[in-house]
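Since the structure comes first, as structure tokens, the remarks are kept for the end.
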Amino acid sequence: MSPRDEIPALRGQDGEGSVQVHQDADARIEGAKVFSVYGKGGIGKSTTSSNLSAAFSKLGHRVLQIGCDPKHDSTFTLTGHLQPTVIDILKEVDFHPEELRPEDFVTVGYNGVMCVEAGGPPAGTGCGGYVVGQTVKLLKQHHLLEDTDVVIFDVLGDVVCGGFAAPLQHADRAVIVTANDFDSIYAMNRIIAAVQAKSANYKVRLAGCIANRSKDTDEVDRYCDVVGFNRIAHMPDVDAIRRSRLKKKTLFEMDDDEDVVRCRAEYMRLAKTLYDGTEGLAPAPLPDREIFELLGFD
């Protein structure tokens, strides 16, 4: 037998190379609009997610934000502190969820937003997809999704495996946070490919991208024009956003400075746009060589 014959043919439901675990039908989130927020590590996904959750709540919606990162800092501007993770709490009760109460793993944050930190397995020892699945299962067992209008998954970093893509199995729309630079747009291109793979078997579609921490949007817009994608918001690089993180607050709790008021208005507009419904986009991600030629230096 040749070495090539020993390589297994990996052809899962999500495409060639896929060996992903698929969602249990009983784990579906029903009745709420579900959004997954992705983007390059450090691009501002948690800040975006928390302010978007606050904006949805200001529109009168009942909101649940789920942080999907072992760092468990997705919701701390909504709650003012780092809360324990679902995985850590489950470990304490030897993975007997019936021993838990909702207040053990859910914190009510700014303007009534429910906040959950899924956490993650120890480095190099497990899969983020398992953690997301256990979190959703726990929320359903405690009937916490029944009175929820909006669910936001805040997902760590770039999509490098099926585990990180697991929230896409629950989402209606995926939103990508980017910046007006090559690395962020390159990561966005990979995320688009991941969402397209998931959309073959799940309801998730792309809503568009948010240009974050960016004075200009010319590179983002150029990429979107080429692949058939939409920029649906622009958050400028203003110091108030940085200060809000340091103060452990959303922008909606900051003083009414001009730049704060402007950013709040953009989040409110974005929340209304997403809740009212966006077209499901199907952009064609670029091969690596083509994205380098489009955005690379001469």
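Residue numbering for the sequence shown follows full-length UniProt numbering, beginning at 1 and increasing consecutively.
Quick reminder that beta carbons are idealized off the backbone N, C-alpha and C, glycines included.
Computed from a predicted model, the values in this text were never measured in an experiment.
Checklist entry - Going straight from the alpha carbon of Ile185 to that of Ala166, what length do you get? => result Start at 1 with the first residue of the sequence shown, and residue 185 comes out as number 185. Start at 1 with the first residue of the sequence shown, and residue 166 comes out as number 166. Rounded to whole angstroms, Ile185 to Ala166 spans 22 Å at the Cα level.
Checklist entry - Three-state secondary structure (DSSP) at Ala200? => result Along the sequence shown, read from residue 1 onward, the residue named residue 200 stands at position 200. Correct three-state label for Ala200: coil.
Next on the checklist: Would Ala271 and Leu139 qualify as a contact pair, given that the criterion is a beta-carbon distance under 7 Å?
Outcome noted: For the purposes of this step, residue 271 is taken as the residue at position 271 of the sequence shown. For the purposes of this step, residue 139 is taken as the residue at position 139 of the sequence shown. Cβ atoms of Ala271 and Leu139: not closer than 7 Å.
Checklist entry - Of the choices Leu82, Pro236, Ala207 and Asp147, whose alpha-carbon is the least far from that of Arg262? => result Here the question's residue 262 lines up with position 262 in the sequence shown. Comparing alpha carbon positions, the residue from Leu82, Pro236, Ala207 and Asp147 closest to Arg262 is Pro236.
Next on the checklist: Here's the rule: buried if 16 or more other CB atoms are within 10 angstroms of the residue's CB, otherwise exposed. What is Arg289?
Outcome noted: The sequence position of residue 289 within the sequence shown is 289, counting from 1. With fewer than 16 other CB atoms across the displayed protein chains lying within 10 angstroms of its CB, Arg289 is exposed.
Checklist entry - Can at least three beta-carbon pairs, one atom from the stretch 141-160 and one from the stretch 100-118, be found at a separation below 8 Å? => result Yes, the stretch 141-160 is in contact with the stretch 100-118.
Next on the checklist: By the three-class DSSP mapping on this structure, what secondary structure does Gln169 have?
Outcome noted: Against the sequence shown, residue 169 aligns to sequence position 169. Gln169: helix per DSSP, three-state reduction.
Checklist entry - Can you tell which of Arg173, Val260 and Gln65 has the C-alpha that lies nearest to the C-alpha of Val106? => result One-based indexing of the sequence shown puts residue 106 at position 106. When the alpha-carbon of Val106 is set against those of Arg173, Val260 and Gln65, the nearest one is in Gln65.
Next on the checklist: Within 8 Å, do at least three Cβ pairs link the stretch 27-40 to the stretch 174-183?
Outcome noted: With the rule of 3 Cβ pairs closer than 8 Å, the stretch 174-183 counts as touching the stretch 27-40.
Item to check | Buried/exposed call for Thr81, threshold 16 Cβ in 10 Å | outcome: To locate residue 81, count along the sequence shown from 1; it is residue 81. Checking the sequence shown, residue 81 turns out to be His, not Thr. The residue in question, His81, is exposed, as its Cβ has fewer than 16 Cβ neighbours within 10 Å.
Item to check | Supposed close pair Tyr110, Ala32 - CB separation, criterion 8 Å | outcome: To locate residue 110, count along the sequence shown from 1; it is residue 110. To locate residue 32, count along the sequence shown from 1; it is residue 32. Between Ala32 and Tyr110 the Cβ distance is about 19 Å, and since that is not below 8 Å, they are no contact.
Checklist entry - Under a three-way DSSP split, which group does Leu78 fall into? => result Locating residue 78 in the sequence shown gives position 78, where the first residue counts as 1. DSSP places Leu78 in helix when its eight states are reduced to three.
Checklist entry - Where does Asn51 fall in DSSP's three states? => result Position 51 of the sequence shown holds residue 51. In this structure, Asn51 counts as helix in the three-state DSSP scheme.
Checklist entry - Helix, strand or coil for Ile241 per DSSP? => result As a position in the sequence shown, residue 241 is number 241, starting the count at 1. When DSSP states are grouped into helix, strand and coil, Ile241 belongs to the helix group.
Next on the checklist: Please identify the residue among Asp94, Asn51 and Ile291 whose C-alpha is closest to the C-alpha of Ala187.
Outcome noted: As a working mapping, residue 187 is identified with position 187 in the sequence shown. Closest by alpha carbon: Ile291.
Checklist entry - Just the Cα atoms here: how many angstroms apart are residue 299 and Val132? => result Outside the modelled stretch of the chain, which goes from 1 to 298, sits residue 299, for which no answer is possible.
Item to check | Residue range of the beta strand (DSSP E) that includes Met235 | outcome: Residue numbering aside, residue 235 sits at position 235 when the sequence shown is read from its first letter. Arg231 to Met235 is the extent of the beta strand (DSSP E) around Met235.
Next on the checklist: By alpha-carbon positions, which one of Arg190, Cys224, Thr135 and Leu281 ends up nearest to Gly157?
Outcome noted: To locate residue 157, count along the sequence shown from 1; it is residue 157. It is Arg190.
Next on the checklist: Let's see if you can read the secondary structure: which residues bound the alpha helix (DSSP H) around Asp276?
Outcome noted: Here residue 276 corresponds to residue number 276 of the sequence shown, with the count starting at 1. It spans Glu258 to Asp276 - the alpha helix (DSSP H) in which Asp276 sits, taken as one unbroken run.
Next on the checklist: So residue 347 and Tyr267 are supposed to be a Cβ contact under 8 Å. How far apart are they, rounded?
Outcome noted: Residue 347 lies beyond the stretch modelled for the chain, which goes from 1 to 298, so this question has no answer here.
Checklist entry - Who are the Cβ neighbours of residue 305 in its own chain at under 6 Å, not counting the five residues just before and after it? => result Any answer about residue 305 is impossible in this case: the structure gives the chain only from 1 up to 298.
Checklist entry - Within 10 angstroms of its Cβ, does Phe95 collect 16 or more other Cβ (buried), or is it exposed? => result Reading the sequence shown from its first residue, position 95 is the one you call residue 95. Residue burial is scored here from C-beta neighbours: Phe95 has fewer than 16 other C-beta atoms within 10 angstroms and is therefore classed as exposed.
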